[in-house]
Each structure stands twice: as structure tokens, then as C-alpha cells.
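Numbering (our numbering), first residue to last: 111 to 872. Just so it is clear, CB atoms sit at the ideal spot from N, CA and C, and this is done for glycine as well.
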Amino acid sequence: MTCASCVRRVERALSAVDGVETASVNLATEEATVTASGIDVARLSEAVDGAGYEARLPGGDVSEERERDALERERTAEYRALRRRTVYALATAALLVAAMPATRWLPGLDEVPARLLHPLFFALALPVQLWAGWQFYRAAWRVGRHGSADMNTLIAAGTTAAFGYSVLATFAPGLFRAAGVETAVFFDTAAAIVALVLLGRLLEARAKVRTGDAVRGLIALRPHLARVWEEGEEYEIPVRAVRPGDIVIVRPAEQIPVGGEVVDGSSAVDESMLTGESLPVARSAGDSVFGATLNTTGVLRVRATAVGQDSALARIIRLVEEAQGSKAPIQALVDRVAAVFVPAVLAVAAATFVAWLLGGPDPALTLAVLNAVAVLIVACPCALGLATPTAIMVGIGRGAQEGILIRSAEALERGYRVDTVVLDKTGTITEGRPEVTGVVPLAAGPGGRPLAASELVRLAASAERASEHPYAGAILREAERRGLELAWPEHFSAIPGSGVEASVDGRRLLIGTPELLAERGVEADALAGPAAEAGAGGDTALLVAVDGRAAGLLTVSDPLRPTAREGIARLRARRVEVVMLTGDRRETARAVADQVGIDRVVARVQPDEKTRIVRELQEQGRVVATVGDGINDAPALAQADVGIAVGSGTDVALETAGVTLMSADIRAVDGAIGLSRATIRTMKQNLVWAFAYNVALIPVAAGAGYLALGVLGRDEVPLALQPLLGESGFLNPIAAAGAMAVSSVSVMANSLRLRPPRRSRS
Numbered sequence: 111m112t113c114a115s116c117v118r119r120v121e122r123a124l125s126a127v128d129g130v131e132t133a134s135v136n137l138a139t140e141e142a143t144v145t146a147s148g149i150d151v152a153r154l155s156e157a158v159d160g161a162g163y164e165a166r167l168p169g170g171d172v173s174e175e176r177e178r179d180a181l182e183r184e185r186t187a188e189y190r191a192l193r194r195r196t197v198y199a200l201a202t203a204a205l206l207v208a209a210m211p212a213t214r215w216l217p218g219l220d221e222v223p224a225r226l227l228h229p230l231f232f233a234l235a236l237p238v239q240l241w242a243g244w245q246f247y248r249a250a251w252r253v254g255r256h257g258s259a260d261m262n263t264l265i266a267a268g269t270t271a272a273f274g275y276s277v278l279a280t281f282a283p284g285l286f287r288a289a290g291v292e293t294a295v296f297f298d299t300a301a302a303i304v305a306l307v308l309l310g311r312l313l314e315a316r317a318k319v320r321t322g323d324a325v326r327g328l329i330a331l332r333p334h335l336a337r338v339w340e341e342g343e344e345y346e347i348p349v350r351a352v353r354p355g356d357i358v359i360v361r362p363a364e365q366i367p368v369g370g371e372v373v374d375g376s377s378a379v380d381e382s383m384l385t386g387e388s389l390p391v392a393r394s395a396g397d398s399v400f401g402a403t404l405n406t407t408g409v410l411r412v413r414a415t416a417v418g419q420d421s422a423l424a425r426i427i428r429l430v431e432e433a434q435g436s437k438a439p440i441q442a443l444v445d446r447v448a449a450v451f452v453p454a455v456l457a458v459a460a461a462t463f464v465a466w467l468l469g470g471p472d473p474a475l476t477l478a479v480l481n482a483v484a485v486l487i488v489a490c491p492c493a494l495g496l497a498t499p500t501a502i503m504v505g506i507g508r509g510a511q512e513g514i515l516i517r518s519a520e521a522l523e524r525g526y527r528v529d530t531v532v533l534d535k536t537g538t539i540t541e542g543r544p545e546v547t548g549v550v551p552l553a554a555g556p557g558g559r560p561l562a563a564s565e566l567v568r569l570a571a572s573a574e575r576a577s578e579h580p581y582a583g584a585i586l587r588e589a590e591r592r593g594l595e596l597a598w599p600e601h602f603s604a605i606p607g608s609g610v611e612a613s614v615d616g617r618r619l620l621i622g623t624p625e626l627l628a629e630r631g632v633e634a635d636a637l638a639g640p641a642a643e644a645g646a647g648g649d650t651a652l653l654v655a656v657d658g659r660a661a662g663l664l665t666v667s668d669p670l671r672p673t674a675r676e677g678i679a680r681l682r683a684r685r686v687e688v689v690m691l692t693g694d695r696r697e698t699a700r701a702v703a704d705q706v707g708i709d710r711v712v713a714r715v716q717p718d719e720k721t722r723i724v725r726e727l728q729e730q731g732r733v734v735a736t737v738g739d740g741i742n743d744a745p746a747l748a749q750a751d752v753g754i755a756v757g758s759g760t761d762v763a764l765e766t767a768g769v770t771l772m773s774a775d776i777r778a779v780d781g782a783i784g785l786s787r788a789t790i791r792t793m794k795q796n797l798v799w800a801f802a803y804n805v806a807l808i809p810v811a812a813g814a815g816y817l818a819l820g821v822l823g824r825d826e827v828p829l830a831l832q833p834l835l836g837e838s839g840f841l842n843p844i845a846a847a848g849a850m851a852v853s854s855v856s857v858m859a860n861s862l863r864l865r866p867p868r869r870s871r872s
């Protein structure tokens with residue numbers, strides 16, 4: 111495929127197959143994504159063949175890895191063949207462009223008859239047409255026999271007109287003399303058109319390779335060998351032979367070959383290639399590890415859980431490839447233009463030929479041919495076709511390199527418009543691993559006797575053993591630190607957003623917010639002062655009641671993430687408002703928000719209220735991105751214009767939201783929005799350039815320059831423009847071919863600016 115018209119044609123052919131629901135074709139990747147049910151996939155291939163193209167169906171007995179390698183080899187061979195044809199065509203065209211004018215002024219050559227020189231020029235130009243330019247004729251014939259036309263049709267028609275006219279003028283000049291028409295030959299023009307178009311294709315092919323650097327970089331991370339421990343012996347086997355449950359040994363400075371759980375050993379693991387976090391992460395027994403990450407210090411024994419296509423790396427590669435092949439909603443405009451572009455250009459070229467033949471100055475036939483050829487060659491549906499998919503490929507690829515996984519082009523386009531970010535305090539602003547910072551028993555506890563601090567912790571920890579809340583984990587860690595022996599709770603009940611109640615050693619415990627104790631009729635005025643003091647410092651106070659009487663409180667603090675303030679500052683610099691949601695009291699929430707620079711806080715939020723808050727913001731005209739863990743926050747993520755799921759460990763929520771962050775660093779939220787804005791901005795620049803180029807140059811190619819001279823009352827074109835327009839204002843077909851090549855290459859080059867700096871990529 112070479113242009114937007116090709117994309118449109120293949121999509122129509124696939125969509126016409128019974129059972130196909132949607133068909134999306136990507137010009138940059140030359141891949142089609144089809145949603146269908148109850149059909150034989152071979153019929154899809156037949157539909158593509160019927161449209162004049164060839165298709166290869168994935169799958170079968172060939173592994174995805176081998177299929178990708180085979181496709182890479184095939185594309186490399188095609189690129190080398192294209193390079194050979196381009197070099198030959200450029201050399202021959204340069205010779206013809208230099209030699210043909212020279213025969214009119216070099217001493218000696220100016221006396222050689224045209225009937226001797228023109229056959230020589232024909233012999234030089236013929237291989238350029240039939241060998242170097244054969245791909246244009248073959249592709250044009252393939253679509254033409256199905257009643258269609260594309261960019262190859264324009265090129266083939268243009269070169270055929272210039273070359274065919276020259277052949278007739280060389281070998282049958284009598285036809286023109288009989289009609290009283292002055293003749294000229296344009297073998298140099300025909301050869302130069304083929305050479306410059308091929309050069310554009312070659313540069314475009316190189317740029318396409320670079321747009322896929324991100325995926326190739328991810329693929330290059332794949333380990334190939336694994337050291338498996340079995341029956342007291344180590345065996346080195348291919349990674350694809352590792353099965354779930356196998357024990358893998360990983361030594362320092364080695365890649366972890368598969369995803370799994372550490373069963374023995376401790377080390378620092380460099381996960382930067384997947385998460386973007388530069389510092390190694392401590393991993394020990396019970397922790398999860400990603401395959402393809404780097405073990406830096408200790409020896410690890412890992413039980414394999416995610417191997418082959420189930421590994422995090424394989425899932426990321428699949429997600430990135432699927433996202434790169436998706437279409438942005440703005441592409442619909444391009445598709446509508448592409449449907450009529452080539453037929454319209456053919457009509458304009460025909461009208462140009464007739465107009466100049468009937469109403470142009472002498473030599474009318476020569477001018478008519480050259481202007482029609484210029485129209486055919488200068489038109490560039492290729493730039494239109496590449497404008498959006500190349501930007502999407504590079505933008506999504508860059509995101510993958512930075513630990514930002516974007517599921518679709520639609521998510522990119524929505525991210526471009528985000529002006530409000532809604533996020534939880536826990537796990538995004540804070541580390542998500544709270545710790546007990548204080549224990550305050552009441553002087554007059556249950557029965558009038560104060561509980562010892564350790565007993566208060568023991569009872570609270572025993573009650574929280576059945577809870578999954580982060581604060582429960584903090585209390586349990588405090589009990590472990592104190593070496594306390596815990597009991598099992600009975601009649602446990604979690605009260606969402608408020609606390610828990612349970613029976614421990616026959617005593618009824620209620621642990622939670624002051625409001626919860628008040629609802630249950632527990633008098634807790636004596637704890638109001640310590641609770642307010644904790645909230646003012648950004649800590650959370652958990653009140654404890656035993657047998658219906660206040661017994662004390664525990665203060666819990668969740669440390670701020672070191673990068674939270676910087677991340678919030680970056681979002682504010684983009685004029686994105688940050689709204690922090692938390693179940694904490696307003697005093698506690700306000701203290702945390704002030705530390706990181708957040709103005710808007712919604713406190714005492716119940717888990718089921720997040721969706722309502724997001725909806726209310728949208729009703730105010732806001733474009734909202736919601737940040738969550740991808741599981742508990744699924745309704746809010748779905749309600750948001752852009753759901754941003756934060757991955758942790760092996761639980762990377764790839765299927766939950768439009769964007770997944772491999773790390774919980776809030777700077778990555780800013781990175782995702784910034785990447786969306788940069789990508790969509792580049793996409794719009796490409797489209798403006800592609801449309802403006804065609805709108806401006808097609809009239810010039812049709813002869814608008816000559817007409818403009820007449821309107822302006824000038825005799826000739828300004829000297830600076832004469833290399834392009836000559837003295838009379840007619841666009842040189844060679845210049846038209848060069849402009850067409852530059853147009854598509856410039857779109858690719860603009861998209862490649864999205865790639866990270868070389869140092870960042872390395």
C-alpha cells in the first residue's frame with residue numbers, strides 16, 4: 111500500500127465480507143485489524159486479493175516470534191531491492207538531465223542530428239521505466255483491473271505520458287509534422303520522475319523503520335535462555351521451554367527470564383526498561399518480578415508464573431502493536447478525502463490537458479502534456495495517508511519506552527483535551543504503605559482502667575486481621591514490630607469508608623472514624639483533641655472503642671511520594687486542575703494537599719462516590735482523566751474521558767483503562783497527558799501540511815503560474831522561482847516529482863520528532 115486511497119479500498123473490500131463488523135487498515139504498519147464472527151479467515155485474504163493487493167494471515171503453526179522475524183527479513187529484502195532500483199534510476203536520470211540540454215549548446219554536439227541523439231536517450235531511459243519504475247506500472251495495473259485507482263495510477267499515468275510522448279516524437283515525428291505540431295522529447299523528465307519518486311519511497315521506508323524502533327527495542331529485551339533448577343541440578347534451556355511452576359535461578363547482572371514470584375534470595379532489580387523508574391527496586395521472597403528486567407546484586411530463585419505470551423513484556427508488545435495500528439477519530443476526515451482524491455486528480459489532469467491543448471500558446475501540445483504530467487505527479491495522497499498513523503506509531507512507541515502504555519489512538523486524542531485529573535491520595539500522592547506513627551490510650555478506658563499501648567495495638571491488630579485495607583496492614587506491621595501475639599477475630603464486618611467491627615477474645619471492638627463511633631453511640635470527646643492534632647499534621651486518626659467505650663486511638667501516616675510535589679507542579683504548569691479524593695477527614699486531606707500544591711480536595715469520599723464526582727465534573731464541561739489501580743476504581747475509570755490505571759507488581763491493568771502506567775509515579779500522569787498533546791499536535795501539523803501542499807501545488811501544476819503572470823502584467827517569473835516554474839510560470843514535472851517526494855518524507859520526519867532524545871532512548 112502506498113497512499114490513503116489504498117487504505118480506503120482495502121477497508122471497503124474487507125468490510126464487504128459477510129460477518130465482518132469492523133475493518134481498520136493502517137498505512138504505516140501495512141496491517142489490517144478485523145472484527146468478525148463466523149467467517150473463514152481465508153475469505154478475508156481473498157477480499158484483499160480482489161481489491162488488487164496481497165495479504166498474509168497470521169497464526170497457523172508458526173510462532174508469533176518467528177512470524178515477526180520472517181516479516182522483518184522480507185521487509186529488509188524489499189528495502190534493499192528498492193535501494194538498488196533507486197540508485198540506478200538516480201544515476202541514469204542525472205545523466206539524462208545533464209546530457210539532454212548539453213546537446214543544444216556544447217560545441218560539436220549541437221550539430222548532431224536529433225534523429226541520432228534521441229534514440230540514445232530512449233535507450234538510457236527505457237530501463238528506468240521498465241525495471242526501476244516497474245513497481246508503479248504493476249501496482250497501477252493491479253488496482254486498475256478492479257476499476258480503481260491510487261497513487262501508483264497517478265505516477266504511472268504521468269511517466270507514461272511523458273515517456274510515450276517522447277517515444278512518438280523520436281520514432282514517429284512525421285505524425286506531429288503532418289499535424290503542424292512542434293515536438294520535443296522528455297526522456298530526462300520521465301526518468302527523473304521515476305528516480306525522485308523512488309527516492310521518496312526509499313526515505314519513507316527508512317523513516318517507517320524508525321517509527322517501529324520502540325517495539326523493536328521492547329522485542330530486543332526478550333531473554334533467550336533460562337537457568338532452571340530441577341532435582342538439585344541446574345539446566346540451561348531456551349526461555350520458550352520454561353513452564354509455569356518451574357524454578358529459575360537468576361544470578362547478579364543477569365536478566366530475569368520469566369515473570370514469577372521470588373521463593374528464595376533477595377536483590378535489587380532494575381525495572382527501568384518496563385516501568386521507566388531509574389532506581390532498582392528491592393525484591394525478596396514473596397515479591398513478584400517481571401521477565402526481561404535486570405537482577406543487579408543478589409541471587410534469586412523465582413517460581414515461573416508468566417511465561418511466553420503471558421509474560422508482561424509480551425503483553426506490552428501486543429498492546430503497543432495493537433495501539434499503533436488503531437485509528438484516531440480525526441482519521442475519518444482523511445478517509446473521506448481519500449475516497450475521492452485520486453479520481454479528482456485524474457479529472458483535473460484531463461481537464462488541464464484539454465484546456466492547454468485547445469487554449470494554450472504554442473507549442474500547445476507540449477504544454478498540455480507537461481502540465482497534465484505535473485498535475486499527476488505533484489498530487490500526493492501518500493502524505494495524507496501517513497499523516498496520522500506515523501504520529502500515532504511514534505507517540506505510542508515513545509510512551510512504551512517511558513512506561514506509559516496507551517491502548518488506542520482514541521485514548522491519545524482524548525488525552526489531548528484533558529483539563530482535569532482526579533486521583534486518590536493513597537498510592538498516588540502517598541506511597542500507599544502507611545505506618546502507625548502514634549498510639550494514644552485513654553487514661554480512663556473501658557471499665558475505668560486505661561489499656562496499655564501494646565494491648566490497644568494487639569486488640570486493634572487482631573480485629574484488622576480480616577481486613578484488606580492499607581491501614582489494616584499498617585496496624586498489623588506495628589503489632590509484628592512489637593512482637594505481639596494476635597487472636598483471630600470473630601463476627602468481623604468491614605464498614606466501607608468508615609472502619610471495621612469485630613469480636614476479639616470476647617470483647618467487642620469498633621475501629622474507625624469519629625463519625626463511626628458517634629453513629630454507634632460511643633462517647634469519644636476525650637479523643638477529639640488528639641484526633642484533630644493528628645489531622646492537622648496530615649496523619650489519620652483511627653479511634654478504637656472496646657465494649658462500647660472509647661479506649662484510645664492510633665495515628666497512621668502514609669509518607670508522601672518524593673516526586674508527588676514535582677508531578678503536581680508539572681500538571682499545573684499545563685493548566686490541568688488536580689482534584690484529590692480521599693476517605694480521610696478534611697483536615698487530614700487538606701494538610702496533605704497543601705504539602706504537594708493541590709487546591710481542590712474532596713474528603714470523606716466513599717468508594718462508590720468516585721463515579722458520581724467524575725460525572726459532576728464532566729457536567730461542568732471538564733474533560734476528566736481518572737487515575738486509579740484499575741480494579742477497585744474500575745467504575746470511575748470507565749466514567750472518565752480517559753482512565754489511567756496504575757500498574758503494580760505483576761498486576762498491570764492492561765485491560766481496564768485507556769492508559770496504563772507501569773509505575774505509580776505521578777509524573778507519569780503528566781507524561782501521559784504531555785505525550786497525548788504532543789502526538790495530536792504533530793498529527794494536526796501533518797494533516798495541515800498534507801492538505802495545504804495538495805491545495806497549493808495542484809493549481810500551480812495545472813498552469814496557475816502562467817495565468818498569474820498575465821493578471822499581474824509581468825513578462826517572466828522572478829529569477830528565484832525560475833528553477834521551479836521556468837520563465838513562463840509552468841511547473842517543471844521534475845520539480846513536481848521532487849515536491850511530491852519531499853511532502854511525504856516531511857510528514858514522516860515531523861512524526862519522528864516525537865521520539866525521545868537519543869540519550870533517553872539508550
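When secondary structure is reduced to three states using DSSP, Ala651 falls in the strand class.
The Cβ neighbour count for Val531, taken over all protein chains shown within 10 Å, is at least 16; the residue is labelled buried. Annotation for Phe400: no beta strand (DSSP E) segment contains it, and DSSP assigns it neither H nor E. Only residues of its own chain outside the window of five on either side were considered, and among them Ala493 and Trp799 have a CB closer than 8 angstroms to the CB of Ser856, listed in chain order. Annotation for Ser564: Arg592 and Leu594 place their beta carbon closer than 7 angstroms to its own, counting only its chain and skipping 5 residues before and after. At a Cβ-Cβ threshold of 8 angstroms, Ala846 and Ala484 count as neighbours. An exposed status is given to Thr186, since fewer than 16 other beta-carbon atoms sit within 10 Å of its beta-carbon. A distance of 8 angstroms or more separates the beta carbons of Met111 and Ala497. By DSSP's assignment, Gly609 forms a beta bridge with Ile605 and Gly622. A check of alpha carbon separations from Ala442 across Pro866, Val810, Val117 and Ala830 identifies Val117 as the nearest. Glu140 and Arg326 have their C-alpha atoms spaced approximately 16 angstroms apart. The beta-bridge partner set that DSSP reports for Arg617 consists of Val614. When C-beta atoms of the segment 560-578 are compared with those of the segment 708-717, fewer than three pairs fall below 8 angstroms, so the two segments do not count as touching.
A distance below 7 angstroms between beta-carbons, with the five flanking residues on each side excluded, links Val550 to the following residues of its chain, in chain order: Pro640, Gly662 and Leu663. Out of Glu512, Ile539 and Gly505, the CA that lies nearest to the CA of Gly525 is found in Gly505. Cβ-Cβ distances below 8 angstroms link Asp150 to nothing in the same chain once the five nearest sequence neighbours on each side are left out. Residue environment analysis places Leu124 among the buried positions, since at least 16 neighbouring C-beta atoms fall within 10 angstroms of its C-beta.
Taken through DSSP and simplified to helix, strand or coil, Met690 comes out as strand. Using a 10 angstroms sphere on the CB of Arg700, the tally of other CB atoms reaches 16 or more, which defines it as buried. For Pro551, the secondary structure class from DSSP, reduced to helix, strand or coil, is strand. With respect to the 8 angstroms criterion, Val689 and Leu681 are not classified as neighbours on the basis of their beta carbons.
Rounded to the nearest angstrom, the gap between the Cα atoms of Gly129 and His601 is 55 angstroms. Bounds of any alpha helix (DSSP H) do not take in Tyr163, whose DSSP letter is neither H nor E. With fewer than 16 other beta carbons inside 10 angstroms of its own, Pro606 counts as exposed. Per DSSP, Leu841 is not a residue of any alpha helix (DSSP H), being assigned neither H nor E. When the five nearest sequence neighbours on each side are left out, the beta carbons in the same chain lying within less than 7 angstroms of the beta carbon of Ala674 are those of Ile539, Val706 and Ile776, in order along the chain.
Closest in C-alpha terms to Gly369, from the list Pro390, Leu389, Arg332 and Ile347, comes Arg332. Fully enclosed beta strand (DSSP E) runs of no fewer than 3 residues occupy 391-393 and 410-416 of the segment 387-470, in order along the chain. Put simply, of Ala301, Val207 and Ala271 the residue whose alpha carbon is nearest the alpha carbon of Ala235 is Ala301.
A distance below 8 angstroms separates the beta carbons of Val769 and Ile516. Collapsing the DSSP output to three states places Ser861 in a helix. DSSP places Arg332 outside both helix and strand once states are collapsed to three, so it counts as coil.
By the 16-neighbour rule on beta-carbons within 10 angstroms, Thr650 is buried. Distance check between Ala378 and each of Gly401, Thr407 and Pro367 places Thr407 closest, using alpha-carbon atoms only.
Straight across, the Cα-Cα distance linking Arg255 with Glu156 is about 16 angstroms. The segment 801-815 and the segment 779-792 do not touch, with fewer than 3 CB-CB distances between them shorter than 8 angstroms.
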